[in-house]
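Numbering (my numbering), first residue to last: 87 to 401. Presented below is the structure to which this report refers.
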Ligand code: BDR
Ligand code: CA
């Protein structure tokens, strides 16, 4: 069992969908060895994301998980947050107690660097589900990181589905486009879950009720979070529910067969007047630029929700 487990670091800005991604990882110990959770400013400011990550761990009865606070603002720009989606706390939808588990003393970027240096090269996967500030800072500070990462599996970007925070850009990339450009240009194996995929992971009524019916605290908590943020998404998209973006990354680690995509060139727009933060994905391979990412385009949503529901039932 030990050899088959994949060592990962989740880099996150919880966020209800981030919370579900963390729960899915914690519910999958046979496959996933969660070395730590690194927090970044994004959906809400850093103090809240660092709080929320610990709230989620304690909800899962995992006060032993190492949680680190990282960068409190993007590399070159003021922070843009998304309380309009996630609520004032970032985890609105259910009242949960303040965490008692400690925040680790080390900075998230130092933890990422030290962990990648301590573990055998090619053995640690990074799972960023917020703005890429921590990851880009680690690469800039310690370029030897790049050759040591097994893979980056991230949620971010959009192409055919266009943007959610601007007409052209997805939130995680838009918040720190310079960090995203550094990560996409680093030469690390990259798997990208853009809105093209995550907008198919919709929390329809039957799927939410299946969460709510689970025994224990987790299913009802996930249903309450979903109830909260789907109000915004249903109004915006006219869809049957809200997209559960971030858990697609962890689901990919567990069941890559649920997703299909293309290995293509993806560039990050850092200058566009209207297109800042756009992921310019060469889906039709017309640019002649070298592929740098596996950009997902489709998913088996039913299979994804079955997996998620089964795993949450185990926690
Ligand atoms: C991404 O932005 C955040 O609001 C979500 O947590 C997700 O990571 C979707 O655009
Ligand atoms: Ca997120």
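Here a beta-carbon is modelled for each residue, glycine too, at the ideal position from N, C-alpha and C. Fair warning: this is a prediction, and the values are worked out from it, not measured in the lab.
Could you tell me which of the options sits nearest to residue i, measuring between CA atoms?
i           : options            : result
residue 142 : 184, 115, 116      : 184
residue 137 : 106, 189, 161      : 189
residue 227 : 333, 121, 268      : 268
residue 364 : 353, 373, 371      : 353
residue 148 : 160, 115, 328, 179 : 115
residue 324 : 349, 285, 356      : 285
residue 92  : 196, 176, 206      : 206
Taking 9 Å as the cut-off, decide whether the C-beta atoms of residue i and residue j are in contact.
i           : j           : result
residue 347 : residue 389 : no
residue 280 : residue 316 : no
residue 201 : residue 277 : no
residue 112 : residue 394 : no
residue 273 : residue 378 : yes
residue 327 : residue 289 : yes
residue 126 : residue 220 : yes
residue 339 : residue 94  : yes
residue 399 : residue 300 : yes
With hydrogens ignored, establish whether the beta-carbon of residue i is closer than 8 Å to any heavy atom of ligand 1.
i           : result
residue 290 : no
residue 250 : yes
residue 103 : yes
residue 281 : yes
residue 258 : yes
residue 215 : yes
residue 171 : yes
residue 129 : yes
Under a Cβ-count criterion, where at least 16 other Cβ atoms within 10 Å of its own Cβ denotes burial, should residue i be classed as buried or exposed?
i           : result
residue 88  : Model confidence at residue 88 stands at a pLDDT of 45, short of 50, so the residue's coordinates are unreliable; what they give is reported in the following sentence. Exposed, since its Cβ has fewer than 16 Cβ neighbours within 10 Å.
residue 106 : buried
residue 332 : buried
residue 319 : buried
residue 172 : buried
residue 99  : buried
residue 256 : buried
residue 396 : exposed
residue 391 : buried
residue 376 : exposed
residue 329 : buried
residue 240 : buried
Can residue i be considered in contact with ligand 2, in the sense that its beta carbon sits closer than 8 Å to one or more heavy atoms?
i           : result
residue 361 : no
Length-filtered (3 minimum) beta strand (DSSP E) runs lying within the segment 138-212: 153-155
Scan the segment 308-349 and note each continuous beta strand (DSSP E) run of 3 residues or more that stays entirely inside, going in chain order. Whole beta strand (DSSP E) segments, 3+ residues: zero.
Write down every uninterrupted run of the beta strand (DSSP E) in the segment 233-309 whose length is 3 residues or greater and which is fully enclosed by it, in chain order. 235-241, 276-279
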